[in-house]
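**Q** Everything in the sequence shown is counted per the working numbering, starting at 109 for the first residue and increasing by one. Shown below is the structure under consideration.
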Amino acid sequence: MYEFYLPILVLKDPELIKQVTVKDFDHFTDHRSVIPDNIDPLWSKNLFALKGQKWRDMRAILSPSFTSSKMRSMFVLMTECSENFIQHFLKKDEEIITVEFKDIFTRFTNDVIATTAFGIKVDSLDQPNNEFYLMGMDATNFSGFWKILKFFGYFIFPKLYEVLKVTLFSKEVSEFFKNLVGGTIRIREEKGIVRPDMIHLLMEARKGIHKHEENGTIDTGFATALESDIALIFFFAGFDSVSGLMCFTAYELATNPDVQDKLREEIYATLEECGGKLTYDGLLKMKYMDMVVSVLVDRVCNKPYTLNPATPEEKPVHLEKETVLWLPIFAIHRDPEYYPDPDRFDPERFNDENKGNINPYTYCPFGLGPRNCIGSRFALLETKTIFFYILQHFEFVPVEKSQIPLKISKKSFNLQSEGGFWFGLKRIKK
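As structure tokens, then:
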């Protein structure tokens, strides 16, 4: 296929996907350049855009943020945000509270990122116009005609954009995150504050004492130069994408009440086992929760490479350096060859009996191989936690403004509903 004038090789065969993402990863280590480094340095330093050794170094710096011990610590912070979220709606008098879920879930993920990554507490439901939320929205909003036109301009008129110095992020957003990270580091150094979050890892890397089992000591100059620019990584990874996962989960639960009821039964059983308060271990043991979330959940060739034929009548495909490869994940996940009746919401696809039949290279919501999503465990934990709290107290129900069946918006790069995710929270009578 072609993207304007650029030829792109689309891979749907599981064996070829395995070959490119795992077996011969060294030939396909980098994502394509969307925005040249010299046009928007802030974009070029986020984990998705970094290449080669710089990507390896940054991955090594961030990886310790997502170990099991760190997830356990972050879970406590996630539950605090979840409790604030629930209390906001429990204070309302309506039996059915009509809400736009993209808005409220984006505010929730904002608060989680603020506390787990930056060590600050905000409540974006009770304080809807707090600066942290507004800046995060500005940084990650790629919807609307002018935003899309601007983004496409990087592909069509790269030289013109370079001359005009058209940046993806506003100067206000860039300065806010730089000042936030810089100020937080300064206060922690002055007061000797230690907190197990992203900021602390950056401070450790700058001191030259952060180790990685594969690469040894991280280059301290690199870490120092990036400690401000890295701030947006967590927003790209978790601000919009995770709230989108939550929205589609809420939609499916509202339109499949039998699944919702079964999940709530598991929640009540888990609460009883945990003595009335959710624990990290209790959440991880929830099989049906994992099944529900599992249902919902591109590369550049950097060396000459040959895709060998699978059958004698086929010819080899020779790839030159800088050839773009695309893995159409959305299409693969909806291919009836791999998933019978793919549009049906069926958590049982992922039960113990069936999930072993799924080819791992046809199920890749967080990517595959060494370049998979570093924050996948964080995203899943965050999603499971908030749905556990919501379903204790509320039922997801369709309302007059609900769009059923859902229609995907054509005005955004991200998967969004055309008319918003309007549904009701119906209070459960206990």
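A virtual CB, placed ideally from N, CA and C, is assigned to each residue, including glycine.
Would you call G483 buried or exposed, if buried means 16 or more other Cβ atoms sit within 10 Å of its Cβ?
**A** Taking the sequence shown and counting its residues from 1, one reaches residue 483 at position 375. When all chains shown are included, G483 counts as buried.
**Q** In angstroms with no decimal places, state the Cα-to-Cα distance between N467 and I125.
**A** On the sequence shown, position 359 is the one that residue 467 refers to. On the sequence shown, position 17 is the one that residue 125 refers to. When rounded, the distance between both Cα atoms is 11 Å.
**Q** Taking three-plus beta-carbon pairs below 8 Å as touching, is the region 486-506 in contact with the region 379-399?
**A** Taking 8 Å as the limit for Cβ pairs, the verdict is that the region 379-399 does touch the region 486-506.
**Q** Is it true that the CB of H135 sits closer than 8 Å to the CB of I156?
**A** The sequence position of residue 156 within the sequence shown is 48, counting from 1. The sequence position of residue 135 within the sequence shown is 27, counting from 1. Inspection of the sequence shows that residue 156 is occupied by Phe rather than by Ile. For F156 and H135, no; Cβs fall outside 8 Å.
**Q** Where are the alpha helix (DSSP H) runs, 4 residues long or more, that stay fully inside the region 476-521, in chain order?
**A** Whole alpha helix (DSSP H) segments, 4+ residues: 484-501.
**Q** Note down, in chain order, each residue of its chain lying with its Cβ closer than 6 Å to the Cβ of V230, except the 5 sequence neighbours on either side.
**A** Translated into positions along the sequence shown, residue 230 becomes position 122. D219, A222, N238 and F240, listed in sequence order.
**Q** Quick check: what's the CA-CA separation for Y471 versus K131?
**A** Reading the sequence shown from its first residue, position 363 is the one you call residue 471. Reading the sequence shown from its first residue, position 23 is the one you call residue 131. Y471 and K131 have their C-alpha atoms spaced approximately 17 Å apart.
**Q** Would the beta-carbon of F458 fall within 8 Å of that of S525?
**A** What you label residue 458 is simply residue 350 of the sequence shown in a count that begins at 1. What you label residue 525 is simply residue 417 of the sequence shown in a count that begins at 1. It is not a contact, given that the beta carbons lie outside the stated cut-off.
**Q** Would you check if there are 3 or more beta carbon pairs closer than 8 Å linking the region 375-389 to the region 472-479?
**A** no
**Q** Using a Cβ-Cβ cut-off of 7 Å (strictly less than) and excluding sequence neighbours within five positions of I375, which residues of its own chain qualify?
**A** The residue you call residue 375 lines up with position 267 of the sequence shown. Spatial neighbours of I375 in its own chain (CB-CB distance under 7 Å, excluding positions within 5 residues in sequence) are listed in chain order as F496, L499 and Q500.
**Q** For P436, I'd like the list of residues in its chain whose CB is within less than 7 Å of its CB, leaving aside the five on either flank, ordered along the chain.
**A** Position 328 of the sequence shown, counting from 1, holds the residue named residue 436. Contacts found: V118 and K120.
**Q** Taking L170 as part of the alpha helix (DSSP H), name the residues at either end of that continuous run.
**A** Sequence index remark: in the sequence shown, residue 170 carries index 62 (1-based). Segment G160 to L170, the alpha helix (DSSP H) holding L170.
**Q** Does the beta-carbon of P444, which I'm using as the reference point, lie nearer than 7 Å to any heavy atom of the ligand FMN?
**A** The ligand FMN is not part of this structure, which contains no ligands at all.
**Q** Consult DSSP for G527 and reduce its assignment to one of helix, strand or coil.
**A** Locating residue 527 in the sequence shown gives position 419, where the first residue counts as 1. In this structure, DSSP gives G527 a state outside helix and strand, which the three-state scheme calls coil.
**Q** Would you give the residue range spanned by the alpha helix (DSSP H) that E445 belongs to?
**A** Locating residue 445 in the sequence shown gives position 337, where the first residue counts as 1. Taken as a continuous stretch (DSSP letters only), E445 belongs to no alpha helix (DSSP H), as it is neither H nor E.
**Q** With a 10 Å radius around its C-beta and 16 neighbouring C-beta atoms as the bar for buried, classify G527 as buried or exposed.
**A** Mapped onto the sequence shown, residue 527 falls at position 419. Exposed.
**Q** With distances taken Cα to Cα, identify the nearest neighbour of L233 among N192, M245 and S510.
**A** Residue 233 sits at position 125 when you count from the first residue of the sequence shown. Taking only the C-alpha atoms, the option nearest L233 is N192.
**Q** Where A331 and K286 are concerned, what is the direct C-alpha to C-alpha distance, given to the nearest angstrom?
**A** In the sequence shown, residue 331 corresponds to position 223, counting from 1. In the sequence shown, residue 286 corresponds to position 178, counting from 1. Unreliable placement is indicated for A331, whose pLDDT of 44 sits below 50; the coordinate value is still reported in the next sentence. In a straight line, the C-alpha of A331 is about 14 Å away from that of K286.
**Q** Would DSSP call L386 helix, strand or coil?
**A** As a working note, residue 386 is residue 278 in the sequence shown. DSSP places L386 in coil when its eight states are reduced to three.
**Q** Can you tell me whether F529 is buried or exposed? The criterion is at least 16 other CB atoms within 10 Å of its CB, across all chains shown.
**A** By 1-based counting over the sequence shown, the position of residue 529 is 421. Burial call: buried.
**Q** For the pair the region 353-369 and the region 205-218, tell me if three or more CB-CB distances fall below 8 Å.
**A** A contact exists between the region 353-369 and the region 205-218.
**Q** Output the distance between the C-alpha atoms of E203 and L371, rounded to the nearest integer angstrom.
**A** Sequence index remark: in the sequence shown, residue 203 carries index 95 (1-based). Sequence index remark: in the sequence shown, residue 371 carries index 263 (1-based). Roughly 21 Å separates the two Cα atoms.
**Q** If we call anything under 8 Å between Cβ atoms a contact, is M243 one with V281?
**A** Residue mapping note: residue 243 aligns to position 135 of the sequence shown, counting from 1. Residue mapping note: residue 281 aligns to position 173 of the sequence shown, counting from 1. Yes. Within cutoff.
**Q** Buried or exposed for Q235, going by 16 or more other Cβ atoms inside 10 Å?
**A** Residue 235 sits at position 127 when you count from the first residue of the sequence shown. By the 10 Å Cβ count, Q235 comes out exposed.
**Q** Below 8 Å CB to CB, which residues in the same chain sit around P506 once its five sequence neighbours on both sides are set aside?
**A** Locating residue 506 in the sequence shown gives position 398, counting from the first residue. Cβ neighbours of P506 beyond the five flanking positions: A362, T363, I512, F531 and G532.
**Q** Of the choices E312, C189, I256 and P478, whose alpha-carbon is the least far from that of K519?
**A** Along the sequence shown, one-based indexing puts residue 519 at 411. Cα-wise, what sits closest to K519 is I256.
**Q** Does the Cβ-Cβ distance between C189 and F216 come in under 8 Å?
**A** Within the sequence shown, residue 189 is the residue found at index 81, counting from 1. Within the sequence shown, residue 216 is the residue found at index 108, counting from 1. Result yes, Cβ atoms of C189 and F216 sit closer than 8 Å.
**Q** What does the alpha-carbon distance come out to for the pair D451 and V271?
**A** Within the sequence shown, numbered from 1, the residue matching residue 451 stands at position 343. Within the sequence shown, numbered from 1, the residue matching residue 271 stands at position 163. Cα to Cα, the separation comes out at about 46 Å.
**Q** Alpha carbon to alpha carbon, what distance is there between R167 and D366?
**A** To locate residue 366, count along the sequence shown from 1; it is residue 258. To locate residue 167, count along the sequence shown from 1; it is residue 59. Straight-line Cα distance between these residues: approximately 41 Å.
**Q** Let me know if S510 comes out buried or exposed under the rule of 16 or more other beta-carbons within 10 Å of its beta-carbon.
**A** In the sequence shown, counting from the first residue as 1, residue 510 sits at position 402. Per the 10 Å Cβ criterion, buried.
**Q** Would T248 and L185 qualify as a contact pair, given that the criterion is a beta-carbon distance under 8 Å?
**A** On the sequence shown, residue 248 is found 140 positions in, with the first residue counted as 1. On the sequence shown, residue 185 is found 77 positions in, with the first residue counted as 1. Against a cut-off of 8 Å, the Cβ pair of L185 and T248 comes out as no contact.
**Q** Can you list, in chain order, the residues of its chain whose CB lies under 6 Å from that of M182, leaving out five sequence neighbours each side?
**A** Locating residue 182 in the sequence shown gives position 74, where the first residue counts as 1. Result list for M182: T224, in chain order.
**Q** Can you find the residues in the same chain that come closer than 7 Å, C-beta to C-beta, to F174, ignoring five residues on each side of it along the sequence?
**A** Taking the sequence shown and counting its residues from 1, the one referred to as residue 174 is at position 66. Excluding positions up to five away in sequence, the list reads I482, G483, R485 and F486.
**Q** Note down the Cα distance separating G227 from T275, rounded to an integer number of angstroms.
**A** Numbered from its first residue, the sequence shown carries residue 227 at position 119. Numbered from its first residue, the sequence shown carries residue 275 at position 167. Using only the alpha carbons, I get a separation of about 28 Å.
**Q** Label S278 either buried or exposed according to how many other C-beta atoms from any shown protein chain fall within 10 Å of its C-beta, with 16 as the threshold for buried.
**A** Position 170 of the sequence shown holds residue 278. Under a 10 Å Cβ-count criterion, S278 is classified as exposed, with fewer than 16 other Cβ atoms of the shown protein chains found around its own Cβ.
**Q** Can you look up R303 in the DSSP assignment and give me helix, strand or coil?
**A** Against the sequence shown, residue 303 aligns to sequence position 195. Three-state DSSP puts R303 in coil, outside helix and strand.
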